[in-house]
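Numbering (the numbering used here), first residue to last: 10 to 150. To start, the structure under review is shown below, and the notes come after it.
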């Protein structure tokens, strides 16, 4: 997995087809599972109708985006609103002024959840549970 991630990092973004050519012994499904299971640094995206793998760093988001996630979660907690993926997506999209899923070519809910998890930098541990990004009670883990 580390070698595949390094290849993706070298390009920043690479099509699945090009990655499969670089690693001809892998199938597309094996490659997808390998990257989902063993790294948070790479996300699948759809660019011009092609499945691509892109590093988080190449997406161009910075600490401000992480801070925006934290502030949004704090606001939702203060209002006692459960932070579902739909609510987080809507609020972040409104704050940024564009559709987050479209802008970053996030193809599905699972990828969106990984995307948020990677950029979440809060001190409170949070996990996705039934589509909600909820706090985890450390004592009960």
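Where is the CB? At the ideal position from N, CA and C, for every residue including glycine. Note that the structure is predicted; figures quoted are calculated from it, not measured.
| Check | Outcome |
| --- | --- |
| To which residues of the same chain is residue 93 closer than 7 Å at the C-beta, ignoring the five residues directly before and after it? | 140, 141 |
| Quick check on the burial criterion: 16 or more other C-beta atoms within 10 angstroms. Buried or exposed for residue 114? | buried |
| Please report the residue range of the beta strand (DSSP E) in which residue 134 lies. | That residue, residue 134, is in no beta strand (DSSP E); it is neither H nor E in DSSP. |
| By the three-class DSSP mapping on this structure, what secondary structure does residue 145 have? | coil |
| Since residue 52 sits in a beta bridge, which residues does DSSP pair it with? | 63 |
| Return yes when the Cβ of residue 134 is within less than 7 Å of the Cβ of residue 127, no when it is not. | no |
| By how many angstroms is the C-alpha of residue 81 removed from the C-alpha of residue 100? | 7 Å |
| Three-state secondary structure (DSSP) at residue 23? | strand |
| Leaving out five residues on either side along the sequence, give the residues of the same chain with a beta carbon under 8 Å from the beta carbon of residue 75. | 128, 129, 130 |
| Can you name, in chain order, every residue of its own chain whose Cβ lies under 7 Å from the Cβ of residue 121, other than the five neighbours on each side? | 94, 98, 110, 115 |
| Under 7 Å between C-beta atoms, does residue 98 make it to chain B? | The structure shown contains no chain B; it holds only a single protein chain. |
| Does the distance from the CB of residue 13 to the CB of residue 50 come in under 7 Å? | no |
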